[in-house]
Amino acid sequence: MSQPEMDAQAGEGTGVASQTDAPVSTEGPSYLTVTKTFSSWAFTLDHKRIGVMYLIGVLFMFLLGGMFALLVRTELFSPLAILTPFFADTAEAQADLYNRWFTTHGAIMVFLVIIPGVPAALGNFVLPLLLGAKDVAFPRLNLGSFYLWVIGALFFVYVLFSGGLDTGWTFYTPYSAESGTAVIPALVGVFILGFSSIFTGLNFIVTIHKMRPPGMTWFKMPLFLWATYSTAVMQVLATPVLGITLLLLLLERTLGIGIFDPRNGGDPVLFQHFFWFYSHPAVYIMIVPPMGIVSELIAVHSHKRIFGYTYIAFSSVSIAIFSFLVWGHHMFTSGQSTTMNIIFSGITFSVGIPSAIKVFNWIATMYKGALSLNTSMLYGISFIFLFTIGGLTGLFCAVLSIDTHIHDTYFIVAHFHYVMMGSGLIAFVGGLHHWWPKMTGKMFSEFWGRIACTLVFVGFNLTFIPQFVMGSLGMPRRYYTYADKFEGYHQLSTIGSYVMAAGFFLTAFYLIQSLVSGKKAPVNPWGGNSLEWHTASPPPLENFHNVPDATDPYDYENLEYDAATGNYETKKVS
Amino acid sequence: MNLLVTILAQTEPTYWLPEAVSNFAGPVDRDFYFVYWVSIFFLVLISALLVIFMWKFRTPPGAHAQSQRDHHLLLEITWTGIPIILSFMMFWYGYRGYVDMMTPPNDGISIVAEAQKWAWNFSYASNGATIPGMSEDLNLIRDQVRSGELSAEQAVAAEGKILEKAGLHVPMGIPINITLMAADVLHALYIPAFRVKKDCVPGRTGKIWFIADEPGIYDLYCAEYCGQGHSWMHSKVVVHETVEEYEKWLEVAGSYDESLPFEENGEIVWKRRGCISCHSVDGSEKVGPSWKGLFGSNRSFTATGTPGELVANEAYIEESIRFPMNKITEGYPPQMPVVKLTEKEILWVTEYIKSLGQNSGGAENPRKEN
Chain A
4 MSQPEMDAQA GEGTGVASQT DAPVSTEGPS YLTVTKTFSS WAFTLDHKRI
54 GVMYLIGVLF MFLLGGMFAL LVRTELFSPL AILTPFFADT AEAQADLYNR
104 WFTTHGAIMV FLVIIPGVPA ALGNFVLPLL LGAKDVAFPR LNLGSFYLWV
154 IGALFFVYVL FSGGLDTGWT FYTPYSAESG TAVIPALVGV FILGFSSIFT
204 GLNFIVTIHK MRPPGMTWFK MPLFLWATYS TAVMQVLATP VLGITLLLLL
254 LERTLGIGIF DPRNGGDPVL FQHFFWFYSH PAVYIMIVPP MGIVSELIAV
304 HSHKRIFGYT YIAFSSVSIA IFSFLVWGHH MFTSGQSTTM NIIFSGITFS
354 VGIPSAIKVF NWIATMYKGA LSLNTSMLYG ISFIFLFTIG GLTGLFCAVL
404 SIDTHIHDTY FIVAHFHYVM MGSGLIAFVG GLHHWWPKMT GKMFSEFWGR
454 IACTLVFVGF NLTFIPQFVM GSLGMPRRYY TYADKFEGYH QLSTIGSYVM
504 AAGFFLTAFY LIQSLVSGKK APVNPWGGNS LEWHTASPPP LENFHNVPDA
554 TDPYDYENLE YDAATGNYET KKVS
Chain B
9 MNLLVTILAQ TEPTYWLPEA VSNFAGPVDR DFYFVYWVSI FFLVLISALL
59 VIFMWKFRTP PGAHAQSQRD HHLLLEITWT GIPIILSFMM FWYGYRGYVD
109 MMTPPNDGIS IVAEAQKWAW NFSYASNGAT IPGMSEDLNL IRDQVRSGEL
159 SAEQAVAAEG KILEKAGLHV PMGIPINITL MAADVLHALY IPAFRVKKDC
209 VPGRTGKIWF IADEPGIYDL YCAEYCGQGH SWMHSKVVVH ETVEEYEKWL
259 EVAGSYDESL PFEENGEIVW KRRGCISCHS VDGSEKVGPS WKGLFGSNRS
309 FTATGTPGEL VANEAYIEES IRFPMNKITE GYPPQMPVVK LTEKEILWVT
359 EYIKSLGQNS GGAENPRKEN
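Line by line, the protein sequences are chains A and B.
When the first sequence is numbered by my numbering, its final residue is 577 and no position is left out of the sequence of numbers.
When the second sequence is numbered by my numbering, its final residue is 378 and no position is left out of the sequence of numbers.
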C-alpha cells in the first residue's frame, strides 16, 4: 500500500475524509480532443465518450418519441379525425395509424429513452468520475452494451418503416399474438435492449463495489451512486424476466405454442404477471436514478449538506426491494384474485413511504441553504413539485376502491407521465444541465435555460392536469376518438404539449449554441465537492491527472467563489 | 364526518367525478375525496415550502449557507410516521370498499356481457335474449351531431330509438350480477357513473355487480385496449325505474318482428349480433370479407382451417357462422368468434347476404393475391 493510500485510510479512521487540495491541472488535451478520428470514437473504451454517444442516441430517440407524442396530442385536439386523414383514407386505417403512434411513442420513450437515459447516458459519464476512477470496471462490456442499445434502436427504426407496431408498449396478449403489425422485430429489439441494460447494471455494481477511492466508504458515497447502485441491482435481477417473457411471446407468435393465447390453451393474465414483474421494477429503474440526480442538484445548488443522507440512501435501497413486490397493482381490474389484489394494494403503499422521506429531506436541505436559482436548480425544484403530484396521485391508484374507477383511464396516463416524464425526464434534463459544463467544457446561457425550464414546467402541467380531471370523469385511455364532453380538456392538454415542446426545442437550441460559442467552463462552476468537480472541464482521458482521495461530497464550506472565473476554488486545509 | 358524507353522497357530477348512481359510487367517491384532501394538504404544504425557501434563501453565487445542519431525528420520525399512518387509513378504506365490490349478493338479475372486436352483446338469463350494444349506430349519431345533420334533440330521440333494442338495460334498486366474457382479445367493461370496471378476459369469466340508484342513460366503455375499434366500442346503460318496466322492455327487445321480410330481419341480426363490426355490406374493407357480392362467389381457403375452394352457397354461410374456424377465406385472419345465432337468425342473415348482390360463380375474393 502506498503512502497516500495509508494516509487516506488513517483519515477514514478518524471519520474525516481527506481533502484533495492540490490545484486542479487543466493542462493537456481533454477526452474530447485527445484523439479525433471516427474510429477513436466508435471503438473507444472511455466511459465518457460512451456516455456522450449514449446521450446523443438517447436525445435523438427523445426527439423521435416526442414527435409521436405531438402527433398523438394533435390528433386528440378534436374528437374528429384531424391529422390521420393526411396519411390514411378510411376511418379504420386512420384508427390503426393512431394506435401505431401512441404505441411507438410509449415504446421508444420507455425502452430507448428513460430506461437508458439516466443510468447509461449520464451515469456512464459521471459514475467513474464520482468514484475518482479511470473508468468503469469493464470498459469493453460498456462499449458492448452501447452497441446493443444501437442494435435495439435499429430494430425499432425498422419497426417504424415496416408498418409500425400497434400493441401498446405493454405487448398485452392475446392482442400481441395476433396483431398484424411488426411485433416480432419489436420484441427482438426490446430483448436486445434488455441485455444492454443488464450489462450496464452489472458493470456499475462491480465498479461501485471495487473501485471506490481510498477513504470512500459506502456511507461517504455521493447519493447518486446509491441510486445508481440500487438501480443496477434491479436491472440485473428484473430484466432477465422480461427477456424470457418476450422470448415466450416470440415462440407463441412463430410456432403457435399456447402460453399466453387462450385459443391455444394459454393464459393472457400470466403474460401480465410476467410483464409487470419486470416492468414494475422498471418504473423504479426509470425513477430512482433521477432521484439520485436530484439529491445532488438540491445539495450542490443550495450549497448545503444533504439533509438525512442515510435516510435518502436507505430509501433508494428499500424502493429497489419493494419494487419487486408490487407488480400486481397493474392488474387490479384484470380479474386476479381478490386476496392478491388486497396484498398488492397493501405492499404498494410501502413504496410510497421512502418516496415521501426523500421529498421531505430534499426540502429540508433547502432550508437555510444558499440557493443558486440557476437552470439545474430550477429543474431540481420542478422535480420535487412534479414528483409530489406523481406520488400523491399514485395513492389514488393504490386504493383498491378508487382504482376500480380510475384504472385504464386518463388519470393513470397523467399519473405515470408525472412520474416518468415530470420526474424522470425533468431530472435527466436537470442533470444534463448540471454536468453539461463538465461534459463539454462549455457554459450554456442561464437566461435561456431558465426560460426554457419555465416553458417546460408550465407546458407539462397544462398537458397533464386536465388529463387527471378527464380521467377521473371517466375518459378511458388509448382512445382515438372520444365523447364531446372531454373535448375541452383534450384541447388544453394539446396546447400544453406544444408549450412543452417549445421549451425543449429552445433547450436544444441554446445547448447546441453553447457548444459553438459558449463561455469556457471552469473546473467547478456550481460549487460541488464530489470528485467530478476536482478535475478539468472537460476531464482528461483518464479523468484525473493524480488519483484523488475521497472528498466529503456534501461539504461545501471550504469552497470560495471567484467571480472573475466563475469558479469555486477549494480553500487549502491546513 | 356525517355532514361530510351527506355532502359527498350526491348524484350530481362534481368537478372531478361523474354522476354517482350506484351503490358503489358513494363509498368510492368518499375514498376519492379522502385521498384528494390529504393530497391537496401535502401538495400545498410542499409547494408553499418550496416557494418560501426559493424566495427566502435565494443568494448570488458564492454565498455560504446559513446552516449546515444535516439531520434531525424527530423530523425524520415525523415525516415517516405520518405517511405510514395515512397510508394505513387509505389502504383500509380501499380494502373495505373493494371487498364489497367483490362480494355479490345471491339474489338479483343475471346478465352476461360478452365483448368482441368491437361490439358488446348482453345476454339476459331470464329469457335468453341477446341484446347488442349497437356501438356502430351510436357512433353514427355522434358523427351526425358533430357534422350538424342532427340537432341535440334529434340525437336524443334517435339514440332513444336505438336503445329500445340495444344497450345494457337494468332495473333500479335490484342487485345486477354481470358475468364478463371476451370472444377474442382483452376488453374491459367500464361504467363510470357506477364506478365499476373489470377486464373481459378470453378463456375466463369475470364478475361484477352493482345496484343502480337512479333511472337514466349512462355511458358504457371498453377500457382495455383492443385494437382498431377500441374507441368506438362504447354503448349505453339504461336504468329502468321499475322491474316491471324493465321486464316489459326485455320481452319486446328480445324478439323479432317475424312479419318483416327475411332480409330486413337479417339486417337487424347483422347489427344486433355484432356482424357489423367486421363485415361491411358495401364492399368496403374490414377485418372480415365484405358481404357485398359474396353469395355465389368463388371462395378459396387458407390452410389455417380446411384448405380448398368452393362457391359460396347457403350451406357454406351456415357453416361459417356455426364453425368460423373451419374455412378461412384467403387473405383474411382467422379471427371470427363463434356467435351463437338461432336457426331463424341464420336463415335471415343468409337471405340478407343474398340480397346484397349475387355472383354467378365468377368473382374472386379481393384479397386473394395478398
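Cβ coordinates follow ideal geometry from the N, Cα and C atoms, glycine included.
Closest by CA to residue i, which one among the options?
i        : options                                : result
A:Trp365 : B:Met62, B:Asp37, B:Gly316, B:Glu249   : B:Met62
A:Thr170 : A:Leu252, A:Phe198, A:Asp92, A:Trp229  : A:Leu252
B:Asp145 : B:Trp278, B:Val346, B:Pro69, B:Gly211  : B:Trp278
B:Ser55  : A:Met64, A:Val121, A:Ile392, A:Asp565  : A:Ile392
A:Ser318 : A:Pro357, A:Arg481, A:Ser81            : A:Pro357
A:Ala124 : A:Asp558, A:Met369, A:Thr231, A:Tyr559 : A:Thr231
B:Val441 : A:Ser500, A:Val193, A:Val272           : Within the shown structure, residues of chain B are numbered from 9 to 378, placing residue 441 of chain B beyond reach of any answer.
B:Tyr233 : A:Asp99, A:Phe280, A:Ala136            : A:Asp99
A:Val129 : A:Tyr559, A:Arg143, A:Pro541           : A:Pro541
B:Gly141 : B:Ser131, B:Arg150, B:Asn135           : B:Ser131
Is there a Cβ of chain B sitting closer than 7 Å to that of residue i, yes or no?
i        : result
A:Thr484 : yes
A:Leu403 : yes
A:Pro177 : yes
A:Ser540 : no
A:Pro479 : yes
A:Ile296 : no
A:Pro371 : The sequence as given places Lys at residue 371 of chain A; Pro does not occur at that position. At least one chain B Cβ lies under 7 Å of A:Lys371.
A:Leu345 : Position check: residue 345 of chain A holds Ile in this sequence, whereas Leu was assumed. By this cut-off, A:Ile345 is an interface position.
A:Ser196 : Reading off the sequence, residue 196 of chain A comes out as Leu, not Ser. No, because no Cβ of chain B sits closer than 7 Å to the Cβ of A:Leu196.
A:Ala359 : yes
A:Tyr492 : no
A:Leu250 : no
Identify, in the order they occur along the chain, each residue of the same chain with its Cβ nearer than 6 Å to the Cβ of residue i, setting aside the five sequence neighbours on each side.
i        : result
B:Val204 : Ile216, Phe218
B:Tyr229 : Tyr198, His242
A:Leu35  : Pro541
Out of curiosity, what's the CA-to-CA distance linking residue i and residue j?
i        : j        : result
A:Leu79  : A:Ser33  : 48 Å
A:Tyr287 : B:Phe65  : 32 Å
A:Trp451 : A:Gln516 : 11 Å
A:Ala524 : B:Pro69  : 15 Å
B:Ala201 : B:Ile170 : 21 Å
A:Leu190 : A:Leu250 : 8 Å
B:Gln162 : B:Tyr226 : 18 Å
A:Lys441 : A:Ser448 : 15 Å
B:Leu58  : A:His108 : 32 Å
A:Gln22  : A:Ser179 : With a pLDDT of only 45 at A:Gln22, under 50, the local geometry of the prediction cannot be trusted, and the value read off the model is given with reservation. Each residue's Cα considered, the two are about 57 Å apart.
A:Val61  : A:Tyr501 : 21 Å
B:Glu27  : A:Ile498 : 28 Å
A:Gly246 : A:Ser282 : 11 Å
Under a CB-based cut-off of 7 Å, is residue i close to chain C?
i        : result
B:Pro112 : Absent from the structure is chain C; the protein chains it does hold are A and B.
Give a yes or no on whether 7 Å exceeds the smallest Cβ distance from residue i to chain A.
i        : result
B:Thr67  : yes
B:Thr88  : yes
B:Glu84  : yes
B:Ser30  : no
B:Phe61  : yes
B:Ile330 : Reading off the sequence shown, one finds Arg at residue 330 of chain B, where the question assumed Ile. By this cut-off, B:Arg330 is not an interface position.
Which residues in the same chain as residue i place their Cβ atom closer than 8 Å to its Cβ, once the five residues preceding and following it in sequence are excluded?
i        : result
A:Ser165 : Ala185, Pro188
A:Ala359 : Gly394
Go through its chain and collect everything with a Cβ distance to residue i's Cβ below 7 Å, but skip five positions before and after it.
i        : result
A:Val37  : Leu544
A:Gly569 : Pro525, Pro528
B:Ala320 : Leu302, Phe303, Gly304, Ser305, Arg307
A:Ile324 : none
Self-check item: Residues of the segment 376-395 of chain A with Cβ closer than 7 Å to any Cβ of chain B, in chain order
Solution: Leu376, Ile384, Ile387, Phe388, Thr391, Ile392, Leu395
Self-check item: Members of the segment 441-463 of chain A that neighbour chain B once the beta carbon cut-off is set at 9 Å
Solution: none
Quiz item: According to a CB-to-CB cut-off of less than 8 Å, which residues of the segment 82-113 of chain A neighbour chain B?
Solution: Pro82, Leu83, Thr93, Glu95, Ala98, Asp99, Asn102
Quiz item: Quick one, which residues of the segment 205-221 of chain B are near chain A if we go by CB-CB under 7 Å, in chain order?
Solution: Lys205, Lys206, Asp207, Val209, Pro210, Gly211, Arg212, Gly214
Quiz item: Between the segment 238-268 of chain B and chain A, which residues of the former have CB atoms less than 9 Å from a CB of the latter, in chain order?
Solution: His238, Ser239, Trp240, His242
Quiz item: Which residues, taken in chain order from the segment 335-356 of chain B, show a beta carbon closer than 8 Å to some beta carbon of chain A?
Solution: Pro341, Gln343
Quiz item: Which residues, in order along the segment 411-440 of chain A, keep a beta-carbon less than 8 Å from a beta-carbon of chain B?
Solution: Listed by position, the residues of the segment 411-440 of chain A near chain B (Cβ gap below 8 Å) are Asp411, Thr412.
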